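So the structure is just underneath, and the comments pick up after that.
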């Protein structure tokens, strides 16, 4: 039983670890700011497809890990991820029936909110960064969403079947 | 986290979602508040940081492998050329070091005559920058040494050309450092030519530091070398920081518009040195702690 559950969680955990690795991957300074929010995208996906198992709790824990690995204020990414995932889980039935383009637009808005929260917290804490650092990832994340959605959909189907 | 997936009575309802979110949000805000105030949460950070360490190593590995492979495939001619160049360079450096030794001895003698505090040699250790990206909101980097190697918060980091930055968060295996170009960093410096003291602020550009605190009639010129003054206590004195690149004196204004180019290649460094400066034993004037640091 517990073995079965472990197998069911495996794709989710693996995808989160890959997302964390992609977040840490060094990029040339020029395109560094355009790095998509891998972790946020992955968590949005799982919250959308299996909202009962993966919602705000896991988002918060992953957020804390992200805070530590980024060296940001402890709780900054946790708060932003938690908020975004809450919205996804709250409206998951609505978002699921959207046509693909509209889902992408929703993800765009969610990532924009996510970045705004980070920007806001940094502002309160007195950390300044150029505007591109905040707003470029919104665009790249939305562009990459269809790809992530397609890649994970097959896996997610199996995750749900097994459960 | 939640019981069975088969309760399909009302799939839209997730138990206590709003409440859980509120609690977690409150917890995040509490954590941020505590973290911003003081270093109460270093233990938490270290524990999770240790868990993330393997991931950092894995991410760093391909880059390391690539460097290693490239070094391995260098041709013999290239290596010989490099060897010859390094030998010539070392000869020059040693010749200069000989003069430095005698100067150091002379300096110690003069200081003894003046009854001034003796200057100690700084202990250094080479560390490597890990190829992982950390905080994108700041100019920071991750190095492969931590508190188990004796690294401490606020420790100075230099490279062969000049000051790079300082350690801000020490973990057990890795530490995070902030560059002198970060907008939150200020570094007490002095002009090497005449000892004029000022503070160099980072503005978020790798190639530029600002020196806003200089009066219009201050004796500073383009090309002046700025070295650390040792005021503020974080940095040992005498390390090169930057070279003044522009001096704009506008008569109506009280302060001159001065900027400088960092000596260290801040966006290209791969190997750095950590400096352990001997703590000031007594304050004979230059141990005032002001101005410095993020």
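Protein chains in written order, with our numbering: chain A, 19 to 181; chain B, 40 to 333. Note that beta-carbon positions come from the ideal geometry of N, C-alpha and C, so glycine has one too. For clarity, every value in this text was computed on a predicted model and none was experimentally measured.
Between residue 153 (chain A) and residue 130 (chain A), the CB-CB gap stays under 9 angstroms. By a beta-carbon distance limit of 8 angstroms, residue 201 (chain B) contacts residue 301 (chain B). Their separation comes to about 7 angstroms. Taking all protein chains in view, the Cβ of residue 141 (chain A) is surrounded by fewer than 16 other Cβ atoms within 10 Å, so the residue is classified as exposed.
In the structure shown, the three-state DSSP call for residue 177 (chain B) is coil. Here residue 212 (chain B) is buried. Its C-beta has 16 or more other C-beta atoms within 10 Å.
As computed with DSSP, residue 240 (chain B) is found in a beta bridge with B:225, B:249.
Below 8 angstroms, enough C-beta pairs join the stretch 47-67 of chain A and the stretch 99-111 of chain A to call them touching: three or more. Counting C-beta atoms within 10 angstroms of its own C-beta, residue 227 (chain B) has 16 or more neighbours from the protein chains shown and is therefore classed as buried. When B:287, B:54, B:304 are compared, the shortest CA-CA separation from residue 261 (chain B) is found for B:287. Pairing residue 304 (chain B) with residue 178 (chain B), the inter-Cα distance amounts to about 13 angstroms. By the Cβ rule, the stretch 262-281 of chain B counts as touching the stretch 192-200 of chain B, because three or more pairs are nearer than 8 angstroms. The way I'd put it, the stretch 106-126 of chain A doesn't touch the stretch 144-153 of chain A; fewer than three beta-carbon pairs between them come closer than 8 angstroms. In terms of beta-carbon proximity, residue 73 (chain A) lines the interface with chain B, with at least one pair separated by less than 9 angstroms. If you ignore the 5 residues before and after residue 232 (chain B), its C-beta comes within less than 6 angstroms of the C-beta of 263, all in its own chain and listed in chain order. Assigned with DSSP and collapsed to three states, residue 143 (chain B) falls in helix. Residue burial annotation: residue 56 (chain A) is buried, with at least 16 other C-beta atoms found within 10 angstroms of its C-beta.
Among the bridge pairs identified by DSSP, residue 196 (chain B) is matched with B:204, B:313. Straight across, the Cα-Cα distance linking residue 215 (chain B) with residue 112 (chain A) is about 43 angstroms. Residue 279 (chain B) has B:266 as its beta-bridge partners, per DSSP.
Annotation for residue 187 (chain B): 211 place their beta carbon closer than 6 angstroms to its own, counting only its chain and skipping 5 residues before and after. Note that the C-beta distance between residue 81 (chain A) and residue 72 (chain A) is not below 9 angstroms. Secondary-structure assignment with DSSP links residue 301 (chain B) through a beta bridge to B:281.
Put simply, of A:22, A:158, A:47, A:30 the residue whose alpha carbon is nearest the alpha carbon of residue 67 (chain A) is A:30. Interface criterion met: the Cβ of residue 90 (chain B) is under 9 angstroms from a Cβ in chain A. Interface criterion not met: the Cβ of residue 111 (chain B) is under 9 angstroms from no Cβ in chain A. In the structure shown, residue 80 (chain B) adopts coil according to DSSP, grouped into three states.
Annotation: residue 108 (chain A) is outside any beta strand (DSSP E); the continuous alpha helix (DSSP H) that includes it extends over 94-108.
About 6 angstroms separates the beta carbons of residue 239 (chain B) and residue 281 (chain B), which is inside the 8 angstroms limit, making them a contact pair. Here the stretch 82-94 of chain A lies against the stretch 58-77 of chain B, with 3 or more beta-carbon pairs under 8 angstroms apart. Looking only at B:316, B:315, B:310, the smallest Cα-Cα distance to residue 180 (chain B) is reached by B:310. The DSSP assignment places no complete run of the beta strand (DSSP E) inside the stretch 59-141 of chain B (cut-off: 3 residues).
In the structure shown, residue 230 (chain B) falls within a strand segment according to DSSP collapsed to helix, strand and coil. Taking 9 angstroms as the cut-off, the Cβ atoms of residue 44 (chain A) and residue 91 (chain B) do not count as close. Take the alpha-carbon of residue 203 (chain B) and the one of residue 46 (chain A): they are about 19 angstroms apart. DSSP lists B:310 as the bridge partner or partners of residue 167 (chain B).
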